[in-house]
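Okay, so the sequence shown: first residue is 323 according to the working numbering, each after it adds one. For each residue, glycine too, the CB sits at the ideal point set by N, CA and C. Data block below; observations after.
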Amino acid sequence: MAVSIPEELRAFGITSKEFVEKKRGLAKSAETEVNDNDVIWELFQDLTKKALSYEMLQMLFWNMAIFKDKLGQNSFEYQQKSHKSRLLDLEQKGKTKVKINATGCSASCRKMHNLVLPLEKALQNLPVPNPKCEATLYSANTWCTSIYLVAKESEKESPKLPLAVENVPELPPLVKSINNNASDSADETAERDSEQTEDNTMGWAIATLTLCLGLGLLFFSPWAGGLLVAWSIPFFPPLMLRLRRSLPFLKHRWERW
């Protein structure tokens, strides 16, 4: 029978099958029957550990906050985590200032409306969400609707900034993208190919120069000219590659100063 997945979780691609598998896994280690809400929460937690970006964390924590508020639980910490993720995402994108927008929020929040502050200070103090906010959503618990907007570089910082909140929560580390790893490998491969091309070019140049000198000396000193011609032949890249395969000491690269 299909399980009804909350919209807040379904938005991230969680299916009924994954729900059932998670519930079975939790039931093995639990002494009592596992509540569906506990399963949903564990699935949310799993997603936060797999997030590749702060933008993803922002959406996850916001949906976790909504889920807790629907259950009548205090969701303020997850509102904080969502807003902190938003600020870190802006920081990664090179933004340096933010502006508080408290339109439609409570009276205490509107006192901060249009305040401009350094992004670094916003991360440190995290004035939004406002712990003194009187707004609510599904329950009687605080649901602050104030947000951070990107401020223009020309906008001056407000002289009086909001006080820091008592507790600023920590966020889980982001998962390193597979694409980043592939990009690193591609860069290393390109570097090796570049070095190989440089070596081949140098090999052809030296071998060709030695051959030309040998041919020129044949008219003046057949013995010396013949020696140079014979010396140049093994150093042409195709022949050198075969020699390196058969003579291990030739595999070492010469250092060029």
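Alpha-carbon to alpha-carbon, residue j and residue i
i, j, result
"Arg578", "Thr337", "The pLDDT assigned to Arg578 is 36, lower than 50, so where the model puts this residue is not dependable, and the model offers no usable value."
"Ser326", "Leu374", "27 Å"
"Lys478", "Pro440", "10 Å"
"Gln446", "Thr458", "25 Å"
"Leu572", "Lys498", "Model confidence at Leu572 stands at a pLDDT of 47, short of 50, so the residue's coordinates are unreliable and nothing is read from them."
"Arg346", "Ala352", "10 Å"
"Leu470", "Asn463", "Residue identity differs from the one stated: residue 470 is Tyr in this sequence, not Leu. C-alpha separation (whole angstroms): 21 Å."
"Glu329", "Glu377", "19 Å"
"Gly426", "Cys455", "12 Å"
"Trp414", "Ser428", "Checking the sequence shown, residue 414 turns out to be Gln, not Trp. In a straight line, the C-alpha of Gln414 is about 30 Å away from that of Ser428."
"Ile335", "Ile362", "The identity of residue 335 in the sequence shown is Gly, whereas the question assumes Ile. One C-alpha to the other measures close to 13 Å."
"Ser397", "Ala486", "19 Å"
"Lys354", "Glu442", "Note on identity: in this sequence residue 354 is Thr, with Lys being the wrong assignment. C-alpha separation (whole angstroms): 46 Å."
"Leu496", "Lys339", "26 Å"
Residue range of the beta strand (DSSP E) that includes residue i
i, result
"Tyr470", "Ile469 to Val472"
"Val420", "Lys419 to Asn423"
"Leu393", "Leu393 -> no beta strand (DSSP E), and no H or E assigned at all."
Nearest neighbour of residue i, chosen from the options [CA to CA]
i, options, result
"Glu488", "Leu496, Ser476, Leu382 and Val450", "Val450"
"Val420", "Ser428, Leu409 and Trp384", "Leu409"
"Ile388", "Lys433, Leu496, Asn436 and Leu331", "Leu331"
"Ser480", "Tyr470, Ser468 and Asn436", "Asn436"
"Asp358", "Lys371, Lys372 and Val342", "Val342"
"Lys482", "Val438, Asp360 and Gly394", "Val438"
"Ala333", "Phe383, Ile422 and Ser428", "Phe383"
"Lys390", "Ile422, Thr354 and Asp360", "Asp360"
"Lys474", "Glu340, Thr354 and Ile422", "Ile422"
Range of the contiguous alpha helix (DSSP H) that encloses residue i
i, result
"Val342", "Ser338 to Ser351"
"Leu445", "Leu441 to Asn447"
"Trp465", "That residue, Trp465, is in no alpha helix (DSSP H); it is neither H nor E in DSSP."
"Lys403", "Phe398 to Gln414"
"Thr458", "Segment: none, Thr458 is in no alpha helix (DSSP H) and carries neither H nor E."
"Asn359", "Asp358 to Thr370"
"Ala429", "Ala429 to Arg432"
"Glu329", "Glu329 to Arg332"
C-beta atoms of residue i and residue j nearer than 8 Å
i, j, result
"Pro491", "Glu399", "yes"
"Lys406", "Leu448", "yes"
"Val356", "Leu348", "yes"
"Tyr460", "Lys392", "yes"
"Glu364", "Lys344", "yes"
"Phe366", "Met381", "no"
"Leu379", "Val472", "no"
"Pro494", "Lys371", "yes"
Rounded distance between the beta-carbons of residue j and residue i, thought under 8 Å
i, j, result
"Met434", "Ala444", "Not really, about 11 Å apart at Cβ, beyond 8 Å."
"Cys431", "Ser476", "With 8 Å as the limit, Cys431 and Ser476 do not qualify as a contact, their Cβ atoms being about 25 Å apart."
"Cys466", "Gln395", "Incorrect: roughly 16 Å between the Cβ atoms, too far for contact."
Beta carbon proximity, residue i to chain D, threshold 8 Å
i, result
"Ala373", "Among the protein chains of the structure shown there is no chain D, as only one such chain exists."
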